[in-house]
Ligand SMILES: C[S@@+](CC[C@H](N)C(=O)[O-])C[C@H]1O[C@@H](n2cnc3c(N)ncnc32)[C@H](O)[C@@H]1O
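Numbering (my numbering), first residue to last: -15 to 217.
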């Protein structure tokens, strides 16, 4: 590649900034939910074992205790859930365990045979109240017309993926809806995996329209106000 263009691209995408640490956003005064054991979590682990779901990757279990505490303390009882990035369905199964009587939309590009694995897992619990969208989050979100009470953002982890998913998701969240942003502890500035940087930039822009609930391995905010983003940007 032409040296000049390469230099410009490197500058734009900060390819060489992988070691810089992005600080935690100032709206998260403390992590409220570290520690206290939720008895439901032990039952969830038993449920996963008993049902014999097949997961090659488990990125969720160690976060479920805090999620369950948040759901209880903030009376989270969604009727419509959107999940961006479901892989083999661990988080989908977790929400099925955590809540009753709701509908889920899931979006994933489903590389290789992951859709088959996802469907095999949700079929174990005969999950019917679900729509599966095999597409990019970008494609789904620009065409979406629905509102949700809980949105879990766990799709592409690059800066542009995350910031795009967050801005659109926030638009589709009901007031008092919960936005869960996975992997907020990815604190590198490297644009390939800068979940925290993208989240912080998003929070700076939506400023006083949310309540910061938790930061750690994931971030949680509750939407408090609608915001017209194209006027702010
Ligand atoms: C970390 S995994 C999700 C894990 C899942 N929530 C769980 O509980 O196991 C990320 C998923 O996002 C999907 N993904 C990546 N980029 C995407 C995009 N642009 N649009 C939709 N899905 C995407 C991948 O296919 C992968 O399944």
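Yeah, the Cβ is synthetic: ideal placement off N, Cα and C, and Gly gets one too. On a predicted model such as this, the values are computed, not experimentally measured, just so you know.
**OP:** Taking residue 103 as part of the alpha helix (DSSP H), name the residues at either end of that continuous run.
**Re:** First-last of the alpha helix (DSSP H) with residue 103: 98 to 108.
Original post:
Can you give the Cα-Cα distance for residue 192 and residue 87, rounded to whole angstroms?
Top reply: So the two alpha carbons sit approximately 29 Å from each other.
**OP:** May I ask whether a heavy atom of ligand 1 can be found less than 7 Å away from the beta carbon of residue 91?
**Re:** Judged by the Cβ position, residue 91 qualifies as a neighbour of ligand 1 at the 7 Å threshold, a heavy atom of the ligand being closer than this.
Subject >> Spatial distance of residue 35 from residue 108 (CA atoms) >> reply: About 7 Å.
Original post:
Distance, Cα to Cα, residue 160 vs residue 83?
Top reply: Looking at the two C-alpha atoms, the distance is approximately 17 Å.
Original post:
If you draw a straight line from the alpha carbon of residue 178 to that of residue 209, how long is it in whole angstroms?
Top reply: Rounded to whole angstroms, residue 178 to residue 209 spans 26 Å at the Cα level.
Subject >> Near ligand 1: residue 32 beta-carbon under 7 Å from a heavy atom >> reply: Checking every heavy atom of ligand 1 against the Cβ of residue 32, none is found closer than 7 Å.
**OP:** Name the residue from 142, 71, 42 and 31 whose alpha carbon lies nearest to the alpha carbon of residue 119.
**Re:** Selected option, being the one with the closest Cα: 71.
**OP:** For residue 89, name the three-state secondary structure that DSSP assigns.
**Re:** The answer is strand: DSSP assigns residue 89 an E or B state.
Original post:
Between residue 97 and residue 121, what straight-line distance do the alpha-carbon atoms span, to the nearest angstrom?
Top reply: Cα to Cα, residue 97 sits roughly 19 Å from residue 121.
Original post:
Taking C-alpha atoms, which residue in 156, 185, 169 and 190 lies nearest to residue 201?
Top reply: Closest option to residue 201, judged by alpha-carbon separation, among 156, 185, 169 and 190: 169.
**OP:** Please find out if some non-hydrogen atom of ligand 1 comes closer than 7 Å to the beta-carbon of residue 65.
**Re:** No; taking the cut-off as 7 Å, the Cβ of residue 65 has no heavy atom of ligand 1 nearer than that.
**OP:** Pull up the distance between the alpha-carbon of residue 66 and that of residue 105, whole angstroms please.
**Re:** Distance between the alpha carbons of residue 66 and residue 105 is about 18 Å.
Original post:
Where does residue 194 fall in DSSP's three states?
Top reply: The answer is strand: DSSP assigns residue 194 an E or B state.
**OP:** Specify the secondary structure class of residue 158 as computed by DSSP and reduced to three states.
**Re:** DSSP places residue 158 in strand when its eight states are reduced to three.
Original post:
Do three or more CB pairs link the segment 21 to 32 to the segment 72 to 82 at distances below 8 Å?
Top reply: Segments in contact, yes.
Subject >> Start-to-end residues for the alpha helix (DSSP H) that takes in residue 34 >> reply: Element bounds for residue 34: 23 to 35.
Original post:
Would the C-beta of residue 83 count as close to ligand 1, meaning under 7 Å from any of its heavy atoms?
Top reply: Residue 83 has its CB no nearer than 7 Å to any heavy atom of ligand 1.
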